[in-house]
Amino acid sequence: APAVAGAAALLREHLRTRHGLDRPSSALLKALLITATRPLSPCQRQAPPAVGYPDFDQGFGRLDLSRLLPCEGMPAGRQLLWADVDNHDPDALQSGLPLGAPGFTPHRYRVQVTGDGGPLTLTLCWTDAPGSGVQNDLQLGIVLTDGRQLLGNDTHLYQRDFAPTDPEARRAMDRTNTVEQIRVDAPPVGTLVIRVWARNTVVLTQGYALVVCGPVSGALTRVD
Numbered sequence: 002a003p004a005v006a007g008a009a010a011l012l013r014e015h016l017r018t019r020h021g022l023d024r025p026s027s028a029l030l031k032a033l034l035i036t037a038t039r040p041l042s043p044c045q046r047q048a049p050p051a052v053g054y055p056d057f058d059q060g061f062g063r064l065d066l067s068r069l070l071p072c073e074g075m076p077a078g079r080q081l082l083w084a085d086v087d088n089h090d091p092d093a094l095q096s097g098l099p100l101g102a103p104g105f106t107p108h109r110y111r112v113q114v115t116g117d118g119g120p121l122t123l124t125l126c127w128t129d130a131p132g133s134g135v136q137n138d139l140q141l142g143i144v145l146t147d148g149r150q151l152l153g154n155d156t157h158l159y160q161r162d163f164a165p166t167d168p169e170a171r172r173a174m175d176r177t178n179t180v181e182q183i184r185v186d187a188p189p190v191g192t193l194v195i196r197v198w199a200r201n202t203v204v205l206t207q208g209y210a211l212v213v214c215g216p217v218s219g220a221l222t223r224v225d
């Protein structure tokens, strides 16, 4: 906990001094910290219950800010991009809205993948309303230029109704966590399409933080 608190302070300083962001949301800081994690091996436990990754022992892994902040030896093409949407923002998400409403889902973003900055990590995080279990359920998905479609936490198998070896596991949505992450070790070059949507919102509108770190260039552009 002390190490994570110190890392959060360093991140706030970086956002303020390098990017002019004085008041990042708690969701953005959490998304950045989780983006900077490094999975420990083995990341999937074979003993029952088989929960996949993230798991109950390491979560998303060991925190390592060198995976996120500028440092010696970092991949030359690595960039850090984000979107930080407040709960009261007109673009905050809400399920059940008519087509064309500001919070209608999904929200789509585009970013250019260059292929020269190591692995690609995307993290979606939101500060949920209080209650038993997840109240406002958001989802993260991407479409790569090679046609692959990936969903957030696609290797997390806890409370899902299929065997851990089922290949359809990657098509199932995680409905039990308020953090979703996608990692691509060797992302194909080209335009990456990112989708964020509200599967269900029980309490008001829901803001979110989306972080993209890896071999990308330009801006994280909202296209809808």
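With positions in the sequence shown counted from 1, the corresponding number in my numbering is that position plus 1. Note that beta-carbon positions come from the ideal geometry of N, C-alpha and C, so glycine has one too. As the structure is a computational prediction, the values presented were derived from the model and not from experiment.
Sequence-distant Cβ neighbours of L29 in its own chain, meaning closer than 7 Å and more than five residues away, are W83, D85 and A210. For D129 and T122, the gap between their C-alpha atoms comes out near 22 Å. Leaving aside the five residues that flank G191 on each side, the residues in its chain whose CB is nearer than 7 Å to its CB run, in chain order, V114 and T146.
Taking T38 as reference, the option from R200, Q182 and S218 with the minimal CA-CA separation is Q182. Under the criterion of beta carbons closer than 8 Å, D65 and P216 do not qualify as touching, at roughly 18 Å. Here L100 is exposed. Its C-beta has fewer than 16 other C-beta atoms within 10 Å. Cα atoms of I35 and G132: separation of roughly 23 Å, rounded to the nearest angstrom.
Scanning L33, K31 and R13 for the CA closest to the CA of R24 turns up R13.
Of all alpha-carbon atoms in L81, R196 and C214, the one lying nearest the alpha-carbon of V185 is that of C214. When only Cα atoms are considered, V5 and R200 end up about 31 Å apart.
Taken atom to atom, the span from the alpha-carbon of G119 to that of R79 is near 7 Å.
Here L33 is actually not in contact with V180; their C-beta atoms are around 12 Å apart, not less than 8 Å. Rounded to whole angstroms, the gap between the alpha carbons of Y54 and H157 is 5 Å.
In the DSSP assignment, E14 falls within the unbroken alpha helix (DSSP H) covering P3 to H20.
The residue from P107, S218 and L41 with its alpha-carbon nearest to that of V197 is P107.
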